[in-house]
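> One structure follows; several queries about it will come next.
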RNA sequence: GCUCGGAUGGCGGAAUGGUUUACGCGCAACACUUAAAAUGUUGUGACCAUAAAGGUCAUGUGGGUUCGACUCCCACUCCGAGCACCA
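Residue numbers (the numbering used here): 50 to 860.
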């Protein structure tokens, strides 16, 4: 008997699949011609979130996600779809750069090393990747399109520069988007984030807030991701109300506009007893000439400094501004306070305080002995009307801060011309002197600078590369300066699914008619699988960019991913995997020891895919044994193959054996479970069938073995291919037709009916489908156990659920 | 604090109104072996009991709906994830 040498078999098939282009989407349809996306008849874009090539190599968590996605794609392929399953590397960004810094290599050099390693590992897991279309975000061929996307947004007026307090990571020495700040810590390095006043590039994602929210109802996504996005967008319906300032005091008249507040409760307008402005708001007054007392100045300074100390629950602090405002609804004079419990950047940065109806206002009022008014509520509309306010919808979502003061990213393709700025010229209003790099001049290549370390002065290392930033103005031809910041790495990944479709001969094209034709055919993505950690990062940004490109008529859809499923988190022996704990599972090790098929199956068998799983070394033996038994199956079937060959399953004649019934049930179970990503129970069904095959050796025939192999193929692609081939099949099992089940063959001839007395299980009966309730009642009453329990009792009621349960209720 | 998950044998989990514990791990006994490993077979929720049966109790806790609840409803406890002074 041949030995199950998984290492040899897996390598052999991985190579053969590539040579024979088994996983190129149109392979099935075009017998002679070159595979191409164009020729496919039933496109199915099966996408998995591409990994960033970390230094540690492929994480088992990546493999978990990819295997789950691949299984789905493999079934779809066998069901006759042209499945496109591309892979690439999200290699730009702080993570890769920090690692290069740590080991003292240049990121570009390190990228090449990681790339090689990652592709080798990705090949070893046995996925049906379309290798020809792979991409790396740091490839200039790729990032010129990242820059192109930036320019398209710029052309639509969705890009602007603004000086404001932004999140700054002192360790990474760069700004961060709100979405990258977790518990006030840098998402990457966990350093405490501080606020810094800097001029930065922003994308107007807020302009799409309503659409981003509304479309969620139409897309088929994991509910928890939708909820996370809804919360992040944070829509509130309310009103803007203006409170005139009554006393002038030291506030100059030109900076004495009414204080505008946003409230969701205009119905409480008569209960307002004071106003509160944020320290940032008060700071603006000072900048415009207000000269308050030292106490106030001191409070503002401290509050701004401590803005991010979110430790423990803070007691409210604040200071009286010294002047008052008028409640427009009842003309009452109310004091204006300054407190950091009011946030800048949401609403107007000022609030009307209603201590009777708001806990936070109440706490503040109590602390500073301010009055609490129990004035009656009015209706929402009346409140708006009486206060002279206007209805307003407020979103929590803020614009996407896109610039980064780092080296390893796509340079922002913008040029600043001082001459044009002086002459008030430019491409966009309010952005005088700024020009997008002409599209024909893309890419703006990232120069190979020696010192790529972050500077920490709010500038990218590129600001020291004269040869990079010196350029001519595209408008007037004078000396001009390139933007030296690079874009957030989330821009690289916000459009990559387009790039796979637009790749041809190592170049990308997402603009011409050929691309449009392909995009129309292949997009939006049919199935997208990835981690829930990207709920409000990658997944929200990608949607925004798609909407913007759609509105610019570059693509004909505005939601990039029709269906999205978040997989669960893979943990190790009850704990999160982390480098510091030293419990990170290295897939290479397990593949070497048990084979990729075994590891794939084990990962999927752990628990429901969308729930996540707990990796325990001991458990893998179960699937290892299973695969060994599958291998032995072949030996058995091949030795008496000719004898068995004629003995096919009796599907047509009336008699259906239990064995064949189970086969059909297994086909149904596995098909349904894969469709619902319930891989653990699909595998269990396959195990049950194998157990049965071994018990019924005389019934086991070639046909049922082949069907079994087909059902197993998505999970264990190598061993099934090897056996399929050994059993005389010429073409790949992965291109074979997914088995169908016969609905009639699933029906049982007899059913098990549970007999209960007063809801307690007493006996079971095997009943033929022709039996009537009366007959069943009679048989049940004659059952010895039931009889003894019913002895001396009178039956009050009988509940019969056809072919499921019969329940006798007694007094 | 708010939102969303979750709690079932020694362990991962299965079952979504009708036989709780599928499948797998682990464990035990047996077979094979000089022996061990591997493999195979059988058993395996707890308690009581037995010659054989059998009985009672168990799905985080307490209550409810129902002939019948792991499943539906209410309250609570614990664990995990996300958001967090968003007016």
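Positions of the beta carbon are idealized from the N, C-alpha and C atoms, including for glycine.
Only a predicted model underlies this, so the values are computations on that prediction, with no experimental measurement involved.
Going by C-alpha distance, which of 242, 268, 494 is nearest residue 460?
Taking the first chain and counting its residues from 1, the one referred to as residue 460 is at position 411. If we check each option's Cα against that of residue 460, 494 comes out closest.
> DSSP on residue 610, reduced to helix/strand/coil?
Along the first chain, one-based indexing puts residue 610 at 561. Residue state, collapsed to three classes: strand.
> Suppose you measure from the CA of residue 488 to the CA of residue 545; what does that come to, to the nearest Å?
Numbered from its first residue, the first chain carries residue 488 at position 439. Numbered from its first residue, the first chain carries residue 545 at position 496. About 19 Å.
> Which one of 848, 859, 828 has the shortest CA to CA distance from residue 841?
Working through the first chain from its first residue, we reach residue 841 at position 792. For residue 841, the nearest C-alpha among the options comes from 859.
> My assumption, with CB atoms under 8 Å, is that residue 584 sits in contact with residue 277. Please give the rounded CB distance.
Position 535 of the first chain, counted from the start, is the residue given in the question as residue 584. Position 228 of the first chain, counted from the start, is the residue given in the question as residue 277. Contact flag correct, Cβ pair sits at about 4 Å.
> The alpha helix (DSSP H) with residue 516 in it runs from where to where?
Within the first chain, the letter at position 467 stands for residue 516. Here the alpha helix (DSSP H) through residue 516 covers 515-518.
> Can you say whether residue 856 is buried or exposed, counting buried as having 16 or more other CB atoms within 10 angstroms of its CB?
Taking the first chain and counting its residues from 1, one reaches residue 856 at position 807. It counts as buried.
> Could you spell out the range, first to last residue, of the beta strand (DSSP E) harbouring residue 379?
If you number the first chain from 1, residue 379 lands on position 330. Segment: none, residue 379 is in no beta strand (DSSP E) and carries neither H nor E.
> Using three-state DSSP, classify residue 626 as helix, strand or coil.
Here residue 626 refers to the residue found at position 577 when the first chain is read from its first residue. The answer is coil: DSSP assigns residue 626 none of H, G, I, E or B.
> Would you identify the three-state DSSP class for residue 110, choosing helix, strand or coil?
The residue given as residue 110 occupies position 61 in the first chain. Three-state result, residue 110: helix.
> Just the Cα atoms here: how many angstroms apart are residue 66 and residue 91?
Taking the first chain and counting its residues from 1, one reaches residue 66 at position 17. Taking the first chain and counting its residues from 1, one reaches residue 91 at position 42. Approximately 21 Å between the Cα atoms of the pair.
> Please list, in chain order, all residues of the same chain as residue 627 whose beta carbon is under 8 Å from its beta carbon, the five residues on each side excluded.
Counted from its first residue, the first chain places residue 627 at position 578. Around residue 627: 633.
> With DSSP as the reference, label residue 557 as helix, strand or coil.
Residue numbering aside, residue 557 sits at position 508 when the first chain is read from its first letter. Here residue 557 sits in strand by DSSP.
> By the three-class DSSP mapping on this structure, what secondary structure does residue 66 have?
As a position in the first chain, residue 66 is number 17, starting the count at 1. Correct three-state label for residue 66: helix.
> State the beta-bridge partners of residue 638 as determined by DSSP.
Here residue 638 refers to the residue found at position 589 when the first chain is read from its first residue. According to DSSP, which records beta bridges pairwise, residue 638 is partnered with nothing at all.
> If we call anything under 7 Å between Cβ atoms a contact, is residue 207 one with residue 253?
Position 158 of the first chain, counted from the first residue, corresponds to residue 207. Position 204 of the first chain, counted from the first residue, corresponds to residue 253. Yes.
> Using CA atoms only, rank isn't needed, just tell me which of 760, 755, 563, 744 is closest to residue 774.
Taking the first chain and counting its residues from 1, one reaches residue 774 at position 725. The option with the nearest alpha carbon to residue 774 is 755.
> Reducing DSSP to helix, strand and coil, say where residue 534 ends up.
Residue numbering aside, residue 534 sits at position 485 when the first chain is read from its first letter. Coil.
> Determine the extent of the alpha helix (DSSP H) in which residue 563 is found, giving its start and end residues.
As a first step, residue 563 is located in the first chain; it is residue number 514 there, counting from the start. First-last of the alpha helix (DSSP H) with residue 563: 562-571.
> How big is the Cα-Cα spacing for residue 98 and residue 582?
Residue numbering aside, residue 98 sits at position 49 when the first chain is read from its first letter. Residue numbering aside, residue 582 sits at position 533 when the first chain is read from its first letter. Spanning the two alpha carbons is a distance of roughly 11 Å.
> With DSSP as the reference, identify every bridge partner of residue 366, one or two as the case may be.
Indexing the first chain from 1 puts residue 366 at position 317. None, per the DSSP bridge assignment.
> Where does the unbroken beta strand (DSSP E) through residue 811 begin, and where does it stop?
Walking along the first chain from the start, residue 811 turns up at place 762. Start and end: 809-817.
> Determine contact between the region 254-266 and the region 397-415, defined as no fewer than three beta-carbon pairs at a distance below 8 Å.
They do not touch, by the three-pair rule.
> Whole angstroms are fine: how far does the CA of residue 335 sit from the CA of residue 326?
Taking the first residue of the first chain as position 1, residue 326 is located at position 277. Taking the first residue of the first chain as position 1, residue 335 is located at position 286. The straight-line gap from Cα to Cα measures roughly 13 Å.
> Who are the near neighbours of residue 123 in its chain, counting only those whose CB is closer than 8 Å to its CB and skipping five residues on each side?
Within the first chain, residue 123 is the residue found at index 74, counting from 1. 132, 177, 762, 763, 766, 783, listed in sequence order.
> Cutting at 8 Å between CB atoms, please list the residues of its own chain near residue 753, excluding the five before and the five after it.
Position 704 of the first chain holds residue 753. Only 698, 708, 709, 712, 742 meet the Cβ criterion.
> Alpha carbon to alpha carbon, how far is residue 425 from residue 444? Give it in angstroms, no decimals.
In the first chain, the residue the question calls residue 444 occupies position 395. In the first chain, the residue the question calls residue 425 occupies position 376. Taking the straight line joining both Cα atoms gives about 28 Å.
> Pull up the distance between the alpha-carbon of residue 442 and that of residue 420, whole angstroms please.
As a working mapping, residue 442 is identified with position 393 in the first chain. As a working mapping, residue 420 is identified with position 371 in the first chain. Near 29 Å, if we compare the C-alpha coordinates of residue 420 and residue 442.
> Cutting at 7 Å between CB atoms, please list the residues of its own chain near residue 447, excluding the five before and the five after it.
For the purposes of this step, residue 447 is taken as the residue at position 398 of the first chain. Answer for residue 447: 227, 255, 394, listed in chain order.
> Could you tell me the alpha carbon to alpha carbon distance between residue 538 and residue 594, rounded to whole angstroms?
The residue given as residue 538 occupies position 489 in the first chain. The residue given as residue 594 occupies position 545 in the first chain. Near 14 Å, if we compare the C-alpha coordinates of residue 594 and residue 538.
> Taking residue 386 as the reference, give the member of 201, 473, 723, 400 with the closest Cα.
Here residue 386 corresponds to residue number 337 of the first chain, with the count starting at 1. Checking every option, the nearest Cα to that of residue 386 belongs to 400.
> If you run the structure through DSSP and keep just helix, strand and coil, what is residue 424?
As a first step, residue 424 must be located in the first chain, where it is residue number 375. Coil.
> Of the residues 486, 822, 737, which one's Cα is nearest the Cα of residue 195?
In the first chain, residue 195 corresponds to position 146, counting from 1. The residue with the shortest Cα to Cα distance from residue 195 is 486.
> Would you kindly check if the distance between the Cβ of residue 184 and the Cβ of residue 142 is under 7 Å?
Numbered from 1 along the first chain, position 93 holds the residue referred to as residue 142. Numbered from 1 along the first chain, position 135 holds the residue referred to as residue 184. Going by C-beta atoms, residue 142 is not nearer than 7 Å to residue 184.
> In chain order, what residues of the same chain have a beta carbon less than 6 Å from the beta carbon of residue 481, not counting five sequence neighbours either side?
In the first chain, counting from the first residue as 1, residue 481 sits at position 432. Counting only Cβ-Cβ distances below 6 Å, and skipping sequence neighbours, we find 470, 473, 475.
> Pairs of beta-carbons, one from the region 155-164 and one from the region 561-575, closer than 8 Å: are there three or more?
Touching, no, given that fewer than three Cβ pairs across the two stretches are closer than 8 Å.
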